[in-house]
Each structure stands twice: as structure tokens, then as C-alpha cells.
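Peer 1: The structure follows.
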Amino acid sequence: IDDEYPILIILGLNTASETMHETSDVQINKQTYQYCEWPTDVVSINHYRIDTFDTNTEPNHININTSNEGKEFSRSIIVPHTIFMFIPGNPGCVGWYIDMLCTIVKQLGAGYAARAVSYAGHGVGENIVSSNAHCNDNIPGDDNCNSNRNNNRNVNRRQRKSRIAHTVDGQVEHKIEWTDCIVSEMISITNKRSTSDKMNTGTHGFPFKFVFLTHSIGSHLVQRMMLLRKDFLLQTKLIIHLTPFIRFDPTSSWTKNTLSTIANSPQISISVLKAMAAFVSCLPPKLVDLYLEKVANIPHEKDRKLARELYSQTKYAQNFLELGTEEIREIPEIYDYAALRLIGESCPINILYCRQDHWAPLSHMNDIKESQKSNLIPKSISVEYNDQLLHGFVVYPEMITPVVDFVLKSVKNIITTSPDQMQMIRSNL
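Next up, the structure:
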């Protein structure tokens, strides 16, 4: 467990079952696994329960045993019925979002968990940003994936494909493999629980469900995933998009033309950003930190540290813009209404918009409302606007609370929506 994110102890949780044990905690685990041959930062957030137990009568605990005043204690994962699957926007690093995700899981209580994944080629360290095969040394595949479990011994012999890190198609493939691993992980955890444990969590074993939570371009990746993998869509009970970059049509023509010019001249843009990254890497860290605090208005030291480490890497700068410029070239100017209709007929989609956002301007929200009036898309797609937020809300502590509130409200609305009500929504097409 990273020192920045210690175990958080919560007493007296209201859980899905009246028979839950007295104490549970939330644990954040940060790891690096390989997906599509690329070492990738991933985060898992789980509720654990802490209780005394008898090793002779309860042998099936997934536990960490300690001795406290002569008593044996068990720490075991509370099998979740709902897993938040978080995919960030570019610059593609989950590190900025951990506190937000932890708050969501804590407030919803036992039965909820979260998984988050960075982008391939997006992170800190030569082993993560480089496409050289030798950088795979000592980075395991996720053992929850059957493909990785079978190939871990040969992983250093395989060449990474740059298209995984540099293209939208590659990043979609990367997230699909990650999601497959989470499915395998949840099946494994559930199968290790005793029947009584499953009943205590209120999950009854299967099926667990996903809530896909995205920011910015992450929304486009998830939309693509849902169309490619119907099994993911059927296992998803809610999709939440935060300031989604799902179409490229800024309100300002100047902004649109400028970004399009940059996107259509990627090598020039990449060369400039790589030169800037090399320059930043030569500056004293305290000077860069002061700039990020006073000019970029990033108040938290750990957020500034991540930004400083990211943007002082020339290879990261290349990966960031290779992908970023392709996003602008590939994302359509109008909504993919067929995709929204197909996904919205299967599960609700809640979308949050904010002010001064050329990636997800207010006009996009109005287009959704008009499309619903003409029955192009289902009523299960809901939108909300918050003029107190910015697109990069995650680095501003005062903006996290309203975003968390939006997520919690979205989830609670689904909990109170019966299957019959959902069928009624779908029938109003």
C-alpha cells in the first residue's frame, strides 16, 4: 500500500445486510500490471471486514490474521455487488482520481468497490512510457487474466505495440483486456467465499454489476467498449460520464480550428512538447512545483508531484500527444446517436456538464435534450449542468464534492428504479 494512501478505518457502517460484522475498513491498493504488453498503473478500492474467527470452523476466509490480546482476527474482502470501473481522460493517469473514488466507495458503504486503470504508455517511469521490450522486466501480468497467467514467463520476449499507447483503437483494446481481468478477479473472489459470507454481503454471489465511471475522453473509450462487448454492457447497470469528450465540436470556431491544426500536424506538436519536457526535467523541482501551485493553481502537493513527474518525461510527452491528436482527428463532430440508443436501451447513462468546457460544451447537453424530444435517443439518458465546475475539476478540491454528490445521486436513483420502471423508460422510444 502506498504511503500516501493508508488504510482507512470506518466504524459502524450501514451495510447491505443487518448481520454485517462490527468493523470494516476501506483499503486502497496501487499496483502495476501488464495489459496488452504495456505496464499499467491500476488501483483497487475494497471494503474489508474485521472480525474474530475460528480457523478450525471458518477455513475459507481470504484473510490476514493477527494476534491482539490473545484473539485471532480476520480481514477479508467484502464481496462487492457493484464495482465502479473508472477510466480517466487524457493525460490518462489514475493518480489524480484516487481520493475521489475512495470517497465514493466509502460513502456508498460495504457492497461497493472500485477499480481504476491508467492508459497504456501514460504514467511515471521508463518501464511504463517506453515501448522497448526490455522495460517489461519484473512487471507481472495480472494473474486474474487467463492469458497473462499462461504467458507471464515469456512476457519479456514480446515486443510492445506502439499502437496500443498511441491510438484510440489500441487504448480500447487495452481497457477491454483490463475489464476481462476484473471479471475474472470478481469471479475468483466470489468463489472463495463461503455461502454464509455471500449472504452477509447481500450480493448472493452472482451476478455482480458494473458502474462505468468516466472522465473526458474516457467516455468515448467506454462507448466503444460497450458496442464491441455485449457481455460488458449486459453486466453494467449504470454509466456515468463526467464532462465527456465524446464528440469534437467546440463552441468557439477559433478553438476548433486551432486544435484541428495541432492535431493535423502531430509531429510538429510532439517535437515542441518533447522539447518542453526536456527543459522541465532540467529545472529545479521546487521551481516547477511553485509554478504548478501559483500559476496552474494545483493546490495539493501530491497532485503537483504527479504532474511534475509526468511532464518532465519526453517519452510520455510523445505518448500523450500521439494519442491526444488522434482523438481530435477521430472523434466525430456529432453524437453517435445509434450508439447512444443501443447503450441507453440496456442501461441508464448519466452525464455531467460544466462551464467553459470546449471538450463538452453546453450545446452538447442541449443537443441531447432535443434528440430525446424527437425520440432519437431514450429517456434513460439524463444530463445535468453545474456551473461551479471546470473540465479539469479533479485537481481542485472544492470541485470534488459536487462531482461525488452527482455520482452518489446517480447510483441511488438507479437503486430506487425498479426493473418495471426501467422497462417503461425503454418503451418510451
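In this note's numbering, the protein residues as written are 1 to 429. No residue lacks a Cβ here, since even glycine has one placed at the ideal position from N, Cα and C. From a predicted model like this one, the values you see are computed outputs, not experimental measurements.
Mapping DSSP to helix, strand and coil, what is Leu389?
Peer 2: coil
Peer 1: Which class does Phe320 belong to by DSSP, given the choice of helix, strand or coil?
Peer 2: helix
Peer 1: Can you list, in chain order, the residues of its chain whose CB lies under 6 Å from that of Met186, leaving out five sequence neighbours each side?
Peer 2: Phe208
Peer 1: Can you tell me the Cβ-Cβ gap for Ala113 and Thr40, rounded? I've got them flagged as a contact below 8 Å.
Peer 2: At roughly 19 Å, the Cβ-Cβ gap does not stay under 8 Å, so Ala113 and Thr40 are not in contact.
Peer 1: To the nearest angstrom, how far is the alpha carbon of Ile270 from that of Gln318?
Peer 2: 6 Å
Peer 1: For Pro80 and Gly111, what's the separation of their Cα atoms in angstroms?
Peer 2: 4 Å
Peer 1: Quick check: Val42 and Tyr48, are their CB atoms within less than 8 Å of each other?
Peer 2: Their beta carbons are not under 8 Å apart, which means Val42 does not touch Tyr48 by this criterion.
Peer 1: DSSP state of Ala110, grouped into three classes?
Peer 2: coil
Peer 1: Can you give me the C-alpha to C-alpha distance between Leu323 and Tyr291, rounded to a whole angstrom?
Peer 2: About 26 Å.
Peer 1: With DSSP as the reference, label Lys412 as helix, strand or coil.
Peer 2: helix
Peer 1: Does DSSP put Glu37 in a helix, in a strand, or in coil?
Peer 2: coil
Peer 1: As an exercise, report each continuous alpha helix (DSSP H) stretch of at least 4 residues that is fully enclosed by the segment 266-333, in chain order.
Peer 2: 266-282, 285-294, 301-310 and 314-330
Peer 1: Tell me which same chain residues have a C-beta within less than 7 Å of the C-beta of Asp303, skipping the five on either side of it?
Peer 2: Apart from sequence neighbours up to five positions away, the residues of its chain that approach Asp303 with a beta-carbon distance below 7 Å are Trp96 and Val395, ordered along the chain.
Peer 1: Within a Cβ cutoff of 6 Å, which residues of the same chain sit near Tyr35, ignoring the five residues on either side of it in sequence?
Peer 2: His174, Glu177 and Trp178
Peer 1: Under 8 Å between the Cβ atoms of Pro250 and Ser216?
Peer 2: no
Peer 1: Roughly how many angstroms lie between the CA atoms of Asn152 and Glu37, to the nearest whole one?
Peer 2: In this prediction, Asn152 scores a pLDDT of 43, lower than 50, which makes its location untrustworthy; no coordinate-derived value is stated.
Peer 1: With 16 as the cutoff for other CB atoms within 10 Å, does Tyr385 come out buried or exposed?
Peer 2: exposed
Peer 1: With a CB to CB cut of under 6 Å and the five nearest residues on each side skipped, what residues in its chain are close to Lys501?
Peer 2: The shown model of the chain, from 1 to 429, leaves out residue 501, and the question about it has no answer.
Peer 1: May I ask which residues mark the beginning and end of the beta strand (DSSP E) holding Lys209?
Peer 2: Lys209 to His215
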